[in-house]
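The structure appears below as structure tokens.
Protein chains: 2
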Amino acid sequence: LARGMYVQARRQLHNLPAWDVALLLESSPPKARAIIWQLVDADEHGDILEELSEEVQKSVIRQMAPEKLAAATEGMDTDDLAYVLRGLPEQVYQEVLKSMDEQDRHRAEKALSYEDETAGSMMNTDTITLRPDVTIDVVMRYLRLKGELPEATDKLYVVNRDDQFIGEISISRLVTVDPSKLVNDVMEADVQSIPVDMDETEVAKLFERQDWISAPVVDAENHLLGRITIDDVVDIIREDAQHSMLSMAGLDDDEDTFAPVWKSTRRRSVWLAVNLVTALLAAAVSSMFEDILAQMAILAILNTIVPSMGGIAGSQTLTLVIRGMALGHIGPSNQRWLIGKELAIGALNGVIWALLIAAVVAAWKQDLVIGGIIAFAMMANLLAAGLAGVTVPLILKKFDIDPALAGGVILTTVTDVVGIFAFLGTATLLLG
Amino acid sequence: LARGMYVQARRQLHNLPAWDVALLLESSPPKARAIIWQLVDADEHGDILEELSEEVQKSVIRQMAPEKLAAATEGMDTDDLAYVLRGLPEQVYQEVLKSMDEQDRHRAEKALSYEDETAGSMMNTDTITLRPDVTIDVVMRYLRLKGELPEATDKLYVVNRDDQFIGEISISRLVTVDPSKLVNDVMEADVQSIPVDMDETEVAKLFERQDWISAPVVDAENHLLGRITIDDVVDIIREDAQHSMLSMAGLDDDEDTFAPVWKSTRRRSVWLAVNLVTALLAAAVSSMFEDILAQMAILAILNTIVPSMGGIAGSQTLTLVIRGMALGHIGPSNQRWLIGKELAIGALNGVIWALLIAAVVAAWKQDLVIGGIIAFAMMANLLAAGLAGVTVPLILKKFDIDPALAGGVILTTVTDVVGIFAFLGTATLLLG
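Same order as they appear, the protein sequences are chains A and B. Residue numbers for the first sequence follow our numbering, beginning at 248 and rising by one. Residue numbers for the second sequence follow our numbering, beginning at 248 and rising by one.
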């Protein structure tokens with residue numbers, strides 16, 4: 248770019264809201280990303296960093312000097328601050344901490360003391376707390392003095408002398424009750440709070456279930472530590488929902504579409520390696536039937552149809568079971584019913600597609616026997632697909648392995664092996 | 248179940264919150280669902296219906312008499328009411344409308360006049376509106392008279408005499424400003440409102456982007472029609488995120504894990520039919536090389552490896568591109584870069600896996616020529632996979648076809664055909 252265009256680009260970026268600059272960065276190849284970041288005003292760095300996904304954030308932070316990074320994190324919400332700092336290499340992290348002022352450093356260290364992906368790492372400390380023994384009128388005067396409330400403040404929290412959480416008042420209640428009443432009399436005391444070590448996915452489920460806008464976070468002794476707001480929960484909900492889709496293709500949640508080539512290649516090669524083993528296994532099974540394959544080329548031609556249909560039917564079942572498990576719909580009480588159901592679908596589908604493929608093959612290759620053999624193999628494989636589609640994710644979950652990640656490979660291995668065995672094995676028995 | 252157990256079950260269900268009963272219904276096979284529904288108190292029917300997914304809701308509604316359904320919908324939020332009514336067959340719908348009282352019927356007809364999956368179908372009409380020329384003090388007295396505000400009310404809307412939206416005041420601002428000021432002076436006038444015909448996915452994106460808790464909905468003349476709240480948006484965000492995963496397996500968004508066998512079989516058979524055509528196409532390609540397959544059984548054994556690797560590599564790219572398109576990261580400006588990147592990854596992966604498979608095959612079958620042939624085919628197919636992984640979804644989107652639904656099938660067809668052609672074609676040229 249020419250010198251004049253830089254100035255123009257800088258002005259345009261300056262007028263864009265942080266969210267749009269973040270989107271622009273997410274959508275740009277590595278080189279363009281670096282240039283855009285240099286053109287952005289330094290005082291907007293913090294706001295933009297908050298909006299970036301983990302991978303892109305990392306790639307941008309890498310080119311910043313520690314003191315600039317420290318400046319950018321000034322005034323960030325606690326949860327965003329922790330999120331940014333967590334991504335730093337140890338040495339940079341120490342330098343950034345050194346460049347921070349006392350208060351921010353303390354806040355950062357506190358935020359980082361909570362485990363990642365828990366309520367503690369999602370929460371903000373910008374709560375407004377009240378004592379139970381003051382009147383609503385006093386509260387109103389206090390708020391007016393304060394001037395502005397933190398974003399997404401829908402509730403004020405009531406704590407006792409030891410800072411223990413004892414109840415809450417929604418702001419909409421505050422404006423509708425008699426101002427002469429005591430906080431203690433109008434507050435809601437029977438409120439569910441979030442333990443600081445609760446997993447973020449559980450937190451998201453609670454929010455969805457209770458339609459919360461914000462919720463208090465407490466430690467084991469019920470001390471109020473902060474609050475979680477819906478905007479941070481929305482990110483978790485979307486990430487969790489996308490997780491299964493990405494995992495099923497062997498991709499990481501944070502996979503950056505515009506990452507450099509070598510980095511993407513390395514990440515994706517793991518999955519290709521696993522698949523190569525699976526494909527070689529299938530080839531090894533075919534290899535057991537080399538004699539019959541050598542005699543009849545038609546078997547080689549038709550050999551891929553049955554495994555392919557099994558793979559599709561199985562992954563439909565697998566996808567539904569994975570989603571059902573994520574939504575909490577599948578448990579010990581209905582597993583057996585579900586296995587029975589998927590076996591019945593497998594049988595029904597088996598009959599339908601067995602008859603159809605037999606008809607097609609008989610018509611195409613004028614061979615009724617091979618039509619019958621492929622029909623039998625189809626039947627067997629669709630049954631196997633239904634059974635594996637339910638049981639593989641259930642078993643993986645028992646061993647604490649992510650079914651979305653490993654389920655697909657195991658399933659297609661089953662349907663490949665069963666499909667080839669059923670087809671070539673039967674052919675060997677009848678024709679060999 | 249014995250008579251006594253029914254009573255006990257009924258009591259237990261009575262003590263569960265609506266959300267939990269909904270979860271129980273979602274997790275139950277059809278027969279159990281019907282029994283549970285009969286055991287639930289009639290006055291809780293409405294609350295539970297609101298929480299159910301579309302498919303399960305339909306299956307439950309089917310067993311209700313129209314007048315009972317009308318009773319259950321009494322007092323429902325407008326958007327939930329519309330959601331339930333939309334699912335009804337025309338005749339039942341008319342009967343339900345007849346059983347409603349005047350006011351509810353009017354509300355229902357109004358809600359149904361907006362198109363499904365737009366801002367209009369998501370909104371509620373429970374807004375609190377203010378005039379610009381009153382003081383905050385008057386507003387506060389009005390709210391106190393009102394007594395209770397609708398759920399998730401974080402803002403009050405300001406309208407002129409013609410009910411046109413002119414601004415908003417957040418409740419947290421209401422409690423912090425000088426009560427003697429006029430609404431007009433403290434309201435935020437420069438507020439983005441949502442057009443009533445905006446697509447629900449766009450609405451969700453706006454909420455995510457602006458961190459809204461609620462937002463006003465207006466018609467083309469800027470009349471305030473209602474508001475959308477974050478709890479309804481969260482459902483859309485989760486559904487949209489899950490949509491891609493389910494579509495990629497040829498499943499419907501509303502697919503009910505516990506639907507009856509025949510229904511599930513019918514739904515899934517569409518995808519199996521499409522796949523059968525694809526598999527037969529691949530077989531037809533193999534069939535073109537019948538001569539060489541008849542000569543060398545080893546080709547038949549190895550024939551599945553290259554298509555399989557291409558399918559995996561291609562679907563990784565496809566998954567990333569589909570996600571990137573959903574997040575708005577991929578547009579005309581970076582498409583060419585992305586195609587170049589995925590081709591480079593394809594080439595790099597091609598070299599790696601070509602060398603590896605050549606080594607494996609050479610070691611396993613003691614055949615260097617076939618090792619070379621499979622290496623060449625691998626190289627060609629991984630390049631094709633990278634290219635197709637980006638271009639197929641882009642082309643589908645141009646023709647307004649959902650890439651998540653059709654992308655996978657087209658992609659694997661490409662990788663199957665290219666893989667088989669490259670492997671068996673080269674073998675025919677060199678060895679035939």
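The C-beta atom is built at its ideal place from N, Cα and C for all residues, glycine as well. Only a predicted model underlies this, so the values are computations on that prediction, with no experimental measurement involved.
- For the pair B:Leu549 and B:Ile621, the CB atoms are nearer than the 8 Å cut-off.
- A Cβ-Cβ contact shorter than 8 Å links B:Val343 with B:Leu332.
- By the rule that beta-carbons nearer than 8 Å mark a contact, A:Pro276 touches chain B.
- The beta-bridge partner set that DSSP reports for A:Ala462 consists of A:Ile475.
- Between A:Gln350 and A:Asp294, the alpha-carbon positions lie close to 20 Å from each other.
- Under a criterion of Cβ atoms nearer than 8 Å, the residues of chain B adjacent to A:Asn581 are, in order, Ser274, Ser275, Pro276, Phe505.
- Within the DSSP secondary-structure output, B:Asp444 pairs in no beta bridge.
- With respect to the 8 Å criterion, B:Met492 and A:Met495 are classified as neighbours on the basis of their beta carbons.
- A:Met626 has a beta carbon lying at 8 Å or more from every beta carbon in chain B.
- Looking from the CA of A:Leu263, the closest CA among A:Ile283, A:Thr448, A:Trp509 belongs to A:Ile283.
- About 48 Å separates the beta carbons of A:Gly578 and B:Ser580, which is beyond the 8 Å limit, so they are not a contact pair.
- The DSSP-derived three-state label of B:Ile416 is strand.
- Taking C-beta separations shorter than 7 Å and ignoring five residues to either side along the sequence, the partners of B:Ala281 in its chain run Gln310, following chain order.
- If the five residues before and after A:Leu677 are omitted, its C-beta is found closer than 8 Å to the C-beta atoms of Val616, Ile620, all from its own chain and listed in chain order.
- At least 8 Å separates the CB of A:Thr374 from every CB of chain B.
- Selection B:Lys315, B:Val307, B:Asp267, B:Asp487 evaluated against B:Ala289 yields B:Lys315 as nearest (Cα-Cα).
- A:Thr566 places its beta carbon 8 Å or farther from that of A:Glu589.
- Along the segment 272-312 of chain B, the alpha helix (DSSP H) occurs as fully enclosed runs of 4 or more residues at 277-286, 292-298, 301-308, listed in sequence order.
- The way I'd put it, the segment 429-442 of chain A does touch the segment 376-392 of chain A; three or more beta-carbon pairs between them come closer than 8 Å.
- Straight through space, the alpha carbons of B:Phe670 and B:Leu528 are spaced by roughly 16 Å.
- For the pair of segments examined, the segment 440-459 of chain A was found not to touch the segment 446-455 of chain B: the number of CB pairs separated by less than 8 Å stays below three.
- Under the 8 Å Cβ criterion, the segment 388-405 of chain A counts as touching the segment 456-463 of chain B, having at least three qualifying pairs.
- Within the same chain, Cβ atoms closer than 8 Å to the Cβ of B:Val608 are found at Leu549, Asp614, Ile617, Gly618, Ile621, the five residues on either side in sequence being excluded.
- Counting only the Cα atoms, B:Pro507 lies some 12 Å from B:Ala279.
- In the three-state reduction of the DSSP assignment, B:Leu678 falls in the helix class.
- Between the alpha carbons of A:Asp327 and A:Glu297 lies a gap of roughly 6 Å.
- In the structure shown, the three-state DSSP call for B:Lys428 is coil.
- If the five residues before and after B:Ala594 are omitted, its C-beta is found closer than 7 Å to the C-beta atoms of Leu630, all from its own chain and listed in chain order.
- Within the model, the alpha-carbon separation for A:Gly557 versus A:Val406 is close to 59 Å.
- Contact with chain B is absent for A:Ile621, since none of that chain's Cβ atoms lies less than 8 Å from the residue's Cβ.
- Flagged as an interface residue toward chain A: B:Asp401, by a C-beta distance shorter than 8 Å.
- Around B:Lys588, the beta-carbon contacts reaching into chain A at under 7 Å are Val508.
- Here DSSP, grouped into helix, strand and coil, assigns B:Gln350 to helix.
- The continuous stretches of alpha helix (DSSP H) do not include A:Val406, which lies in the beta strand (DSSP E) extending over residues 402-406.
- Taking C-alpha positions only, B:Ala530 is separated from A:Ala624 by approximately 16 Å.
- A distance below 6 Å between beta-carbons, with the five flanking residues on each side excluded, links A:Glu321 to no residue of its chain.
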